[in-house]
Every structure is written in structure tokens, then in C-alpha cells.
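Taking it in order: structure first as C-alpha cells, then the write-up.
In the numbering used here, the protein residues as written are 3 to 134.
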């Protein structure tokens with residue numbers, strides 16, 4: 003038997019203001035907010051994955067966390083089924099500044115068109131499309 007990872011289930015974004023972050027991901031990226039667990043954690047669902055939002059000051063006995071949990075240190079890429087030009091128009095409509103793009107990048111499945119912006123904590127968000 004050979005060990006192999008099948009997929010990414012979830013990831014955690016550390017944040018100073020959980021409400022601002024959850025609202026941004028709902029409004030800008032269309033994710034669905036979910037409250038779960040005994041500690042009433044917040045998650046953002048999309049497709050078959052989710053992002054857990056971890057308050058920066060969450061006690062370690064409640065959250066098993068990375069060694070360094072600084073907000074604004076993530077660099078994430080999300081794949082959408084819209085063109086990069088549609089992404090730019092959507093971001094502008096949401097009042098989000100486009101940092102770069104559309105530009106061609108190499109994704110897990112080959113060439114894609116990417117647009118870059120930042121979430122409220124300063125994380126770099128790449129929104130990409132294989133359909134351009």
C-alpha cells in the first residue's frame with residue numbers, strides 16, 4: 003500500500019475580526035457561513051471544502067493551532083467558473099481593489115487566468131479560472 007493524499011478538506015485562517023472576515027468571504031466569494039461544534043466555531047463552506055476562521059486570540063486548549071498564527075499570512079487560490087474579466091468586474095462591484103491581473107499562472111491542472119486581491123486581514127487571495 004502506498005500512502006497518498008486524496009484532497010484538501012479544510013484550512014484555517016487566523017483573524018483579528020471574525021465577523022468582518024466571515025462577511026467578506028460571504029459577500030465577495032459567495033461562501034456559506036456555518037456555526038459548528040460546542041465552542042460555536044465559524045466556518046465558511048464552498049464546494050466540498052471549508053475554511054475555519056480562528057480568532058487570533060483563541061485559547062490553545064480550544065484550538066490546536068500552527069506554531070505561528072499571525073493574521074494576514076495566508077496566500078490562497080480559489081478556482082471559479084467565471085472568466086477573469088468577470089472576476090475583475092465582480093470585485094470592483096464589491097469595492098475590492100484588484101492587486102494584479104488578469105494574468106496567466108500555472109495551476110494544479112495547467113494554465114489558468116488569475117486575479118489577485120486581499121481580504122480584510124491582508125491575506126493574498128488569488129481567484130482563478132481554467133475556462134478563459
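Where a beta carbon is used, it is the ideal one built from N, C-alpha and C, also for glycine.
Every value quoted in this text rests on a predicted model; they were computed, and no experiment measured them.
For the pair residue 80 and residue 47, the Cα-to-Cα distance works out to about 13 Å.
Put simply, the backbone Cα of residue 90 is about 42 Å away from that of residue 4.
Setting aside the 5 residues that flank it on each side, residue 74 is surrounded in the same chain by 123, 124, 125, each with a C-beta closer than 7 Å to its C-beta; the list follows chain order. Closest option to residue 93, judged by alpha-carbon separation, among 128, 43, 20: 128. For the 8 Å CB-CB criterion, residue 82 and residue 103 do not form a contact.
In the DSSP assignment, residue 22 falls within the unbroken alpha helix (DSSP H) covering 20-31. With distances taken between CA atoms, residue 37 lies nearest to 55 out of 26, 55, 133, 60. When secondary structure is reduced to three states using DSSP, residue 12 falls in the strand class. Taking the CA atoms as reference points, residue 39 sits about 15 Å from residue 12. Looking at the DSSP output, residue 77 bridges to 126. Closest in C-alpha terms to residue 106, from the list 20, 133, 24, comes 133.
In the displayed model, residue 45 falls within a strand according to three-state DSSP. Residue 43 and residue 97 have their C-alpha atoms some 28 Å from each other. A direct Cα-Cα distance of roughly 10 Å separates residue 71 from residue 60.
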